[in-house]
Amino acid sequence: MITVENLHKTFGNVEVLKGIDYEVAEQEVVCVIGPSGSGKSTFLRCLNALESITSGSVVINGHTLTDSKTNVNTVRREVGMVFQHFNLFPHLRVIDNVMLAPRKVAGISKEDAREKAEQLLAKVGLSEKRDAYPSSLSGGQQQRVAIARALAMDPRIMLFDEPTSALDPEIVGEVLSVMKNLAREGMTMVVVTHEMGFAREVADRVIFMDQGVIVEQGSPDDVFGNPQNSRTQGFLSKVL
Amino acid sequence: MFEAFGWNDLIPLLNGALLTIELCLTAGVIGSVIGVILGVARTSPRRVAKTISSIYINVIRGIPILVIIFFIFFGLPMLFPDLELSKFASAVVALTAFSAAYVGEVVRGSIEAVPAGQSEAAEALGFGYFRKLRYIILPQATKIAVPPGIGFIIGLIKDSSLVAVIGYIELTKAGSVVSNLTGDPITTFLIVGAMYFVICYGISLIGRWYEKRTGIHITSRRLRQPAGI
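One line per chain: the protein sequences are V and F, in this order. Numbered by our numbering, the letters in the first sequence go through residues 1 to 240 in order. Numbered by our numbering, the letters in the second sequence go through residues 1001 to 1229 in order.
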């Protein structure tokens, strides 16, 4: 579903990704962990071309992102993304946040978009907030709306960029439980996270990144229970 | 030969005030439309659009408006002998050219003040450049643009007094005519000043009302102020 080969990314003179090779299968949940500045968010953002790719190849759902003939927007419609800071549209009500892309990008009718948005808001437990503006919602509520907004485009892959890092500890759980449900339904997910408990419980595979490379990867039990690389061991000993 | 300032002298001043409003409205509206295009072009990923817009804005902003007025009124007819521009048309063209550059700069600042995450969220959902602009960026930028935009319009009304030099009888020119006729510059220009004040203050009240009405949902807490206006 996602194939990454020899992915390099440089910002100016700084090489942030130094040759990433990875494959994600359909319905797989992959968690990416690692210290700040390890390149994990950049890696994630290369998967929907929010970052331009310096070299290497990224194939999403059969579309080669790195091919200049590929229409990036077609690929992005199949890939949902959830951001650390939610990035809801502040000038639109919750329901309109969810309906906008289906209507204006996918071109489906207002009635269908509304029905779908209402289903999704129910799914993330926020039906009663449909007419509220994002600024009146808590962080956890905003992030759940953001998940509904991404799901409204019927993506085949969901990318999560530290979805709970900006949340107060007591509301992290409500967002994680929505994500768990999504994983259970078989969504293909790549999650950059600091929530080791979530990674351990939900991930099929865990990637540990440091200094622009994948240092170690494997099942959660292997990576958390029996890390081979000394950098992984060092990182885990600090966060667990 | 002089007569004292009388009620009758108010009529040319009121006329002048109306012409000032007409002039600024015309130049302001056309200038704003061009200004929005310039501002959007200035923030676009297309280098050609960006360069053209940026040259225009910087050149106009670097020239005194009086020079622009003189150039249009005296220069253009020499360059294009067939062109017949009335005083009103010359004034409109000059003020429009001026407004477009300033509004362009306000629009650029406002677009850039919309947090980058908004653009990313729209792109991640598959919005192309123009749809993103239309549904996500411009609605937010518009609200940000209102305070500096109102400030600019007030400036434009005051600067429009400069077209008096080409003899167009707007409020300031009407004032100087009435002052000469009545020999009472004190009363005349106090009234002229009061008229400018009423127009400008009225506009700032409208601006404040609009801000209050739309301000609640303006944008996320991390909003930055537009820079460089």
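Glycine included, each C-beta is placed from N, C-alpha and C at the ideal position.
Kindly indicate the opening and closing residues of the beta strand (DSSP E) around residue i.
i	result
Thr188(V)	188-192
Arg205(V)	205-210
Gly80(V)	79-82
Val16(V)	14-24
Taking 9 Å as the CB-CB limit, is residue i close to chain V?
i	result
Arg1131(F)	yes
Ala1227(F)	Note that Ala1227(F) has pLDDT 42, beneath the 50 cutoff, so the model's placement of it is unreliable and the number below is only indicative. Closer than 9 Å: no.
Leu1013(F)	no
Phe1127(F)	yes
Lys1050(F)	no
Glu1022(F)	no
Tyr1135(F)	yes
Under 8 Å: does the beta carbon of residue i sit that close to some heavy atom of the ligand FAD?
i	result
Gly1149(F)	Of the ligands one can find in the structure shown there are none, so the ligand FAD has no counterpart to examine.
Count the other CB atoms within 10 Å of the CB of residue i; is the residue buried (16 or more) or exposed (fewer)?
i	result
Pro1148(F)	buried
Ile20(V)	buried
Thr42(V)	buried
Lys1143(F)	buried
Lys1132(F)	buried
Thr1188(F)	buried
Gln141(V)	buried
Gln1225(F)	Only weak support exists for where Gln1225(F) lies, its pLDDT of 42 falling under 50; the value from the coordinates is given anyway. Exposed, by the Cβ-count rule.
Val1201(F)	This sequence places Tyr at residue 1201(F); Val is not what is there. Result: exposed.
Lys116(V)	buried
Asp1009(F)	buried
Ala1004(F)	exposed
Ala1027(F)	buried
Please list, in chain order, all residues of the same chain as residue i whose beta carbon is under 8 Å from its beta carbon, the five residues on each side excluded.
i	result
Leu121(V)	Val94, Ile95, Val98, Ser127, Lys129, Arg130, Val145, Ala148
Ala1121(F)	Ile1136
Cys1024(F)	Leu1095, Ile1153, Leu1156, Ile1157, Ser1160
Val1092(F)	Leu1023, Thr1026, Ala1027, Ile1030
So, for residue i: in the same chain, excluding its five sequence neighbours on each side, which residues have a beta-carbon less than 7 Å away from its beta-carbon?
i	result
Arg231(V)	Asp210, Val215
Met1195(F)	Leu1013, Ala1017, Leu1171
Gln1118(F)	Ile1136, Ile1137, Gln1140
Which residue marks the beginning of the alpha helix (DSSP H) containing residue i, and which one marks its end?
i	result
Glu1120(F)	1116-1124
Gln217(V)	First-last for Gln217(V): 213-218, but that is the beta strand (DSSP E), not the alpha helix (DSSP H).
Tyr1210(F)	1185-1214
Ile1102(F)	Inspection of the sequence shows that residue 1102(F) is occupied by Tyr rather than by Ile. Taken as a continuous stretch (DSSP letters only), the alpha helix (DSSP H) holding Tyr1102(F) covers 1087-1113.
Val98(V)	94-104
Val29(V)	Unbroken run through Val29(V) is the beta strand (DSSP E), 29-33; no alpha helix (DSSP H).
Ser257(V)	Nothing can be reported for residue 257(V): it is not among the residues displayed for chain V, which extend from 1 to 240.
Glu5(V)	Careful: Glu5(V) lies outside any alpha helix (DSSP H), inside the beta strand (DSSP E) at 2-11.
Ignore the nearest five residues each way along the sequence and tell me which others in residue i's own chain have a CB closer than 6 Å to its CB.
i	result
Ala132(V)	Val94
Leu1223(F)	With a pLDDT of only 43 at Leu1223(F), under the threshold of 50, the placement of this residue in the model should not be trusted; the figure read from the coordinates follows. Excluding residues within five positions, none has a Cβ falling inside 6 Å.
Val245(V)	Any property of residue 245(V) remains undetermined from this structure, which presents chain V solely from 1 to 240.
Ser1179(F)	Pro1185, Thr1188
Lys123(V)	none
Within 9 Å (strictly less), CB to CB, does residue i reach chain F?
i	result
Leu100(V)	yes
Arg114(V)	no
Asn13(V)	no
Gly39(V)	no
Asp194(V)	Checking the sequence shown, residue 194(V) turns out to be His, not Asp. No, no contact with chain F.
- Decide if the stretch 1083-1101 of chain F is in contact with the stretch 1023-1035 of chain F; the criterion is three or more beta carbon pairs, one per stretch, under 8 Å apart. yes
- Is the stretch 1164-1181 of chain F touching the stretch 1011-1018 of chain F in the sense that three or more CB pairs, one from each, lie closer than 8 Å? yes
- Should the stretch 177-185 of chain V be called in touch with the stretch 104-119 of chain V, which here means at least 3 C-beta pairs below 8 Å? no
- Task: Spell out a yes or no on whether the stretch 1202-1215 of chain F and the stretch 1146-1161 of chain F are touching, meaning 3 or more CB-CB pairs, one atom from each, closer than 8 Å.
- Result: yes
- Would you say the stretch 150-169 of chain V touches the stretch 77-85 of chain V, given that touching needs at least three Cβ pairs under 8 Å? yes
- Task: Please confirm if the stretch 216-228 of chain V is in contact with the stretch 49-56 of chain V, defined as three or more CB-CB distances below 8 Å between the two stretches.
- Result: Taking 8 Å as the limit for Cβ pairs, the verdict is that the stretch 49-56 of chain V does not touch the stretch 216-228 of chain V.
- Message: Does the stretch 1110-1117 of chain F come into contact with the stretch 1066-1086 of chain F, if we say contact requires no fewer than three beta-carbon pairs (one atom in each stretch) closer than 8 Å?
- Response: no
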